[in-house]
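Have a look at the structure below, then the notes.
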Amino acid sequence: MRRLTIVLCCAGVTLSAAPSESFWKALHWEETRGRTGAIYGDGGRSFGPLQISRAYWQDSRVKGKWADCASLAYSRRVVAAYMQRYAPVAWSTGDYQKLARIHNGGPTGHRKRATVAYWHRVRSAMRRYERNN
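For the sequence shown, our numbering assigns the number 2 to the initial residue and increments by one for each residue that follows.
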């Protein structure tokens with residue numbers, strides 16, 4: 002097992018666990034109250050069920066069009082790619098605070114005071130989902 006780990010690290014392979022379903026549901030709830038489809042927010046600057054900006058989508062490098070963010074499944078792929086690019090350790094360790102704050106405030110969002118309240122709302126929603134499952 003030790004050799005396998007070393008080989009994977011040297012080969013540049015990233016082992017990453019996807020966030021819990023409660024995290025995804027909480028993010029979705031906080032962004033659009035669970036709605037799906039072509040939802041515009043932030044004066045037209047954010048789009049879809051996870052309220053992804055054009056810049057966020059471009060930074061994710063996911064193939065497709067920004068309009069594809071109307072799909073929840075596609076939006077989740079965009080968030081996953083964005084987080085694996087800007088917060089790979091947080092992604093692989095399940096650091097939900099950092100992930101939520103980066104989603105809300107960009108690549109350095111985890112350092113911005115303005116994203117703390119957003120994180121508290123996401124955390125609260127996560128706890129509700131975890132209690133109900």
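Here a beta-carbon is modelled for each residue, glycine too, at the ideal position from N, C-alpha and C.
Have a look at residue i and residue j and give me their C-alpha separation to the nearest angstrom.
i: residue 101; j: residue 34; result: 16 Å
i: residue 60; j: residue 134; result: 34 Å
i: residue 96; j: residue 106; result: 16 Å
i: residue 125; j: residue 18; result: 22 Å
i: residue 108; j: residue 121; result: 19 Å
i: residue 65; j: residue 86; result: 18 Å
i: residue 94; j: residue 129; result: 21 Å
i: residue 20; j: residue 127; result: 11 Å
Can you list, in chain order, the residues of its chain whose CB lies under 7 Å from that of residue i, leaving out five sequence neighbours each side?
i: residue 55; result: 67
i: residue 99; result: 88, 91 and 111
i: residue 46; result: 54
Please check the pair residue i and residue j, which I expect to be a contact at CB under 8 Å, by giving their CB distance rounded to whole angstroms.
i: residue 104; j: residue 80; result: 6 Å
i: residue 25; j: residue 62; result: No, residue 25 and residue 62 are not in contact; Cβ-Cβ is about 20 Å, not under 8 Å.
i: residue 83; j: residue 57; result: 6 Å
i: residue 31; j: residue 123; result: 5 Å
In the structure shown, what three-state DSSP assignment does residue i receive?
i: residue 44; result: helix
i: residue 21; result: coil
i: residue 72; result: coil
i: residue 132; result: helix
i: residue 11; result: Unreliable positioning characterises residue 11 in this predicted model, as indicated by a pLDDT of 41, which lies under 50. The coordinate reading is nonetheless provided below. The answer is helix: DSSP assigns residue 11 an H, G or I state.
Excluding the five sequence neighbours on either side, which residues of its own chain have a C-beta within less than 6 Å of the C-beta of residue i, listed in chain order?
i: residue 71; result: 38, 39 and 49
i: residue 113; result: 106
i: residue 69; result: 75
i: residue 165; result: Absent from the structure is residue 165, since the part of the chain shown begins at 2 and ends at 134.
Can you name, in chain order, every residue of its own chain whose Cβ lies under 8 Å from the Cβ of residue i, other than the five neighbours on each side?
i: residue 29; result: 35, 50, 51 and 73
i: residue 43; result: 52 and 54
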